[in-house]
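Enquirer: For the sequence shown, the working numbering assigns the number 10 to the initial residue and increments by one for each residue that follows.
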Amino acid sequence: MKRIVLSLAFMGITLLSYAQSSIPAGYQHPDTKGMSPQMSEFYAPVPAKVAPGDAATSSAPSDAVVLFDGKNLDKWCNSKGEAAGWKVNGDGTMTVNKRAGDIQTKDNFGDFQLHIEWCVPADIQGENQARGNSGVYLQGRYEVQVLDVYENKTYVNGMAGSIYKQSAPLVNPCRKPGEWNVYDIIYTAPTFKEDGTYRTHPYVTVFFNGVLVQNHTMILGNTEYIGFPHYEAHGAGPIVLQSHGDPSAPISYRNIWIRNL
Ligand code: MG
10 MKRIVLSLAF MGITLLSYAQ SSIPAGYQHP DTKGMSPQMS EFYAPVPAKV APGDAATSSA
70 PSDAVVLFDG KNLDKWCNSK GEAAGWKVNG DGTMTVNKRA GDIQTKDNFG DFQLHIEWCV
130 PADIQGENQA RGNSGVYLQG RYEVQVLDVY ENKTYVNGMA GSIYKQSAPL VNPCRKPGEW
190 NVYDIIYTAP TFKEDGTYRT HPYVTVFFNG VLVQNHTMIL GNTEYIGFPH YEAHGAGPIV
250 LQSHGDPSAP ISYRNIWIRN L
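See the structure below:
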């Protein structure tokens, strides 16, 4: 127990120091050998619950690229570039098919504004991370977590609206299962030095049901389930929607559009 507490304290200090200063050239992330997933999961402070306002579903602005309008998955494919195998329901929504894996946009994006709506079933089962888990990966590598956290305890840096395993949401405005949640995500892509380290980190701002949950948050590196974020130089990338494989909690999406910035 003592060792776990010490490890968490060490990681907290490490992440804090990442956040407060730029990573020096040639920096290698610490060796994660011997680490468990639990060593990068934090339970406090718990973001306060906030009842979101009644923001209406927004339709796409005229200069947006509509990625999903409810009709088909023509703008999407699986990780091999084949047809996206999620279910288009005919009512403007689509639903994860866990056998089909993640889906991603055929197009790649740099800086953008992304609008996306998601909903878990009213009769959702499961708990912790196995309760409507999905995710929106920015440039295919930085996950904004999707999860039912209306009444579901989990580590705070794995809640909906978190940058998974990096930054907890400022508050928790999640709606009840069966109701639609809305993310508006503003993303600034990183730039890299010749040695592959960040010249400027990626930054993200997230509104969750119209409530600010990430305020120009610096992304530390790729989303990792175990260990520390790491990074490698990359260019434009797709929006990826995660199929987490939860057996009883198929998650649905609708009204997805993006504006290049
Ligand atoms: Mg996820």
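Every residue gets a Cβ at the ideal spot worked out from N, C-alpha and C, and that includes glycine.
Under three-state DSSP, which class holds A60?
Expert: A60 falls in the coil class under three-state DSSP.
Enquirer: With distances taken from CA atoms, which of A258, E241, F51 is nearest R208?
Expert: Cα-wise, what sits closest to R208 is E241.
Enquirer: Given this structure, state the Cα-to-Cα distance separating A92 from S49, to the nearest angstrom.
Expert: Each residue's Cα considered, the two are about 35 Å apart.
Enquirer: For ligand 1, any of its heavy atoms closer than 7 Å to the Cβ of G141?
Expert: Incorrect: G141 has no Cβ contact closer than 7 Å to ligand 1.
Enquirer: Counting only the same chain and skipping the five closest in sequence on each side, list residues whose C-beta sits under 8 Å from that of N87.
Expert: For N87, where only same-chain residues beyond five positions count, the Cβ hits under 8 Å are A93, G94, A109, G110, D111, I112, Q113.
Enquirer: Thinking just about the alpha-carbon of each residue, which of Y212, P56, P186 is nearest to the one in N142?
Expert: If we check each option's Cα against that of N142, P186 comes out closest.
Enquirer: Assign Q175 to buried or exposed, taking buried as 16 or more other Cβ atoms, counted over all protein chains shown, within 10 Å of its Cβ.
Expert: The residue is buried, with at least 16 neighbouring Cβ atoms inside 10 Å.
Enquirer: Is there contact here, the region 144-159 with the region 190-200, by at least three beta-carbon pairs under 8 Å?
Expert: Output reads yes: the region 190-200 touches the region 144-159.
Enquirer: Nearest CA to the CA of R140: which residue from F121, S252, K96?
Expert: Closest option to R140, Cα to Cα, is S252.
Enquirer: Are G144 and Y173 close, meaning C-beta to C-beta below 8 Å?
Expert: Taking 8 Å as the Cβ cut-off, G144 and Y173 qualify as a contacting pair.
Enquirer: Could you round the C-beta distance between T102 and R263 to whole angstroms and report it? I think they count as a contact, below 8 Å.
Expert: Yes, they are in contact, since the Cβ atoms of T102 and R263 sit about 4 Å apart, within 8 Å.
Enquirer: For Q138, is the classification buried or exposed, using 16 other Cβ atoms within 10 angstroms of its Cβ as the cut-off for buried?
Expert: The residue is buried, with at least 16 neighbouring Cβ atoms inside 10 Å.
Enquirer: Using 10 angstroms around the beta-carbon of H210, count the other beta-carbons present and answer buried if the total reaches 16, otherwise exposed.
Expert: Its Cβ being crowded by 16 or more others within 10 Å, H210 is buried.
Enquirer: Could you pull the start and end residues of the beta strand (DSSP E) that E126 belongs to?
Expert: 121-128 is the extent of the beta strand (DSSP E) around E126.
Enquirer: Hey, C116 and L270: beta-carbon distance below 8 Å or not?
Expert: The question names Cys, but residue 116 in the sequence shown is Asp. No, the pair does not count as a contact, with Cβ atoms beyond the cut-off.
Enquirer: Would you say E50 touches ligand 1, meaning its beta carbon is less than 7 Å from a heavy atom?
Expert: For ligand 1, not one heavy atom lies less than 7 Å from the Cβ of E50.
Enquirer: Which term fits E136, buried or exposed, when burial requires 16 or more other beta carbons within 10 angstroms of its beta carbon?
Expert: Burial call: exposed.
Enquirer: On the CB-based measure, 16 or more other CB atoms within 10 Å of its CB, does A53 come out buried or exposed?
Expert: A53 should be labelled exposed.
Enquirer: Closest by CA to D157, which one among V74, G167, H225?
Expert: Ranking the options by Cα distance to D157, first place goes to G167.
Enquirer: Taking 7 Å as the cut-off, is the C-beta of G144 nearer than that to any heavy atom in ligand 1?
Expert: Yes, Cβ of G144 sits closer than 7 Å to a heavy atom of ligand 1.
Enquirer: Using only alpha-carbon positions, find the residue among L250, F216, D255, G219 that is nearest to L82.
Expert: Checked all of L250, F216, D255, G219; the closest Cα to L82 is L250.
Enquirer: What does a CB cutoff of less than 8 Å around N161 pick up in its chain, not counting 5 residues either side in sequence?
Expert: E136, N137, R140.
Enquirer: Classify G99: buried if its beta carbon has 16 or more other beta carbons within 10 angstroms, exposed otherwise.
Expert: Exposed, because fewer than 16 other Cβ atoms sit within 10 Å of the Cβ of G99.
Enquirer: DSSP state of V213, grouped into three classes?
Expert: Reduced to three states, the DSSP call for V213 is strand.
Enquirer: List the DSSP bridge partners of A92.
Expert: A92 pairs with C86.
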